[in-house]
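> In my numbering, the protein residues as written are 9 to 298. Please see the structure below; I have some questions.
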């Protein structure tokens, strides 16, 4: 059996992220008990039937008091209220981590609500999402070979960070560290903006009178580009609002890029188009070959 062994893990939000975390740790044999909380009794019952949970939590105070680890895997907008609920009841040795796709807002919420327990919270972002959600989408190997970013706080001890890192590594993840500010700038560019653009393109098509005709001829290019528009609207609403400052900056840069393309087309500048396409192709090819 791998070490460290977690006696009890409590998960808030037993969907794709939280459920897969539990399944991975259970498969590795490093957790004795998994307890879940959520907004839907039906989802929690499903998670129990699927072997994700041992028990459905009844009282937050009772469950988090003696937990080794608490994972908050809800949409980021729900995290401030959850921090406030668990703060008075966290045991001295209980660590808390999260699965949020933004970090600046989550860290601010933790600072506002965790009080003297702040040092027990180690923020994390598993980069392993999918367009499907819910307990039924959870996979024991979701994190295998994927990246997880930790954004440790100055209040965290080295031991606390190492223990949370090891939990994610047991899931099969490759763990990196960034500051919360670095994290939000990076993911505004390479994750949040692409989702925004994908939603926008499908929304544009959806409002046209000839929508069905257009979609009937859409092929793999459209399918690949818009796959992420099937993601949770609630989750991505929260992510965009939480990281709006960095996302607005990236959207402005993209609008400038579109303006360059518009000008090249308007001026029949084939050379400019090929120059842009060639650089993009080279960078994309080099990235996928790594």
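All C-beta atoms in this analysis are idealised placements derived from N, C-alpha and C, irrespective of residue type, glycine included.
(1) Since residue 30 and residue 61 are thought to touch, with beta carbons under 8 Å apart, how far apart are those beta carbons, to the nearest angstrom?
(2) Under a three-way DSSP split, which group does residue 216 fall into?
(3) Can you give the beta carbon distance from residue 165 to residue 123, rounded, assuming they're within the 8 Å contact cut?
(4) Determine the DSSP secondary structure at residue 134, reduced to helix, strand or coil.
(5) Give me, in chain order, the residues of the same chain whose beta-carbon lies closer than 7 Å to that of residue 187; leave out the 5 immediate sequence neighbours on both sides.
(6) Going by DSSP, what residue range makes up the beta strand (DSSP E) through residue 185?
(7) Suppose the cutoff is 8 Å on Cβ atoms and the five residues either side in sequence are ignored; what does the same chain contact list for residue 285 look like?
(8) Apart from the five residues on each side of it in sequence, which residues of its chain come closer than 8 Å, Cβ to Cβ, to residue 168?
(9) Can you tell me whether residue 134 is buried or exposed? The criterion is at least 16 other CB atoms within 10 Å of its CB, across all chains shown.
(10) Please determine, among 15, 46, 13, the residue with the shortest C-alpha to C-alpha distance to residue 24.
(11) Could you spell out the range, first to last residue, of the alpha helix (DSSP H) harbouring residue 178?
(12) Residue 246: buried (16+ other C-beta within 10 angstroms of its C-beta) or exposed?
(13) Please classify residue 290 as buried or exposed, where buried requires at least 16 neighbouring CB atoms within 10 angstroms.
(14) With residue 16 as the anchor, note down where its beta strand (DSSP E) starts and where it stops.
(15) Looking at the secondary structure, which residues open and close the alpha helix (DSSP H) in which residue 258 lies?
(16) Skipping 5 residues on each side, what residues in its chain have a beta carbon closer than 7 Å to that of residue 280?
(17) Excluding sequence positions up to five away, which residues of its chain have a Cβ less than 8 Å from the Cβ of residue 88?
(18) Quick check: the stretch 197 to 210 against the stretch 258 to 265, are at least 3 beta-carbon pairs closer than 8 Å?
(19) With DSSP collapsed to three states, give me the class of residue 45.
(20) So for residue 40, helix, strand or coil by DSSP?
(21) Could you give the C-beta distance for residue 184 and residue 157, rounded to a whole number, given that I count them as a contact under 8 Å?
(22) Taking 9 Å as the cut-off, decide whether the C-beta atoms of residue 114 and residue 93 are in contact.
(23) Taking the continuous alpha helix (DSSP H) assigned at residue 80, which residues delimit it?
(24) Output yes or no for whether 9 Å exceeds the beta carbon distance between residue 109 and residue 72.
(25) If you draw a straight line from the alpha carbon of residue 15 to that of residue 237, how long is it in whole angstroms?
(26) Assign residue 153 to buried or exposed, taking buried as 16 or more other Cβ atoms, counted over all protein chains shown, within 10 Å of its Cβ.
According to the structure data:
(1) 7 Å
(2) coil
(3) Their Cβ separation, rounded to whole angstroms, is 17 Å, which puts residue 165 and residue 123 out of contact at 8 Å.
(4) strand
(5) 159
(6) 182 to 185
(7) none
(8) 103, 127, 128, 130
(9) buried
(10) 46
(11) 166 to 178
(12) buried
(13) exposed
(14) 14 to 20
(15) 252 to 274
(16) 272
(17) 117, 120, 121
(18) yes
(19) strand
(20) strand
(21) 5 Å
(22) no
(23) First-last for residue 80: 77 to 80, but that is the beta strand (DSSP E), not the alpha helix (DSSP H).
(24) no
(25) 38 Å
(26) exposed
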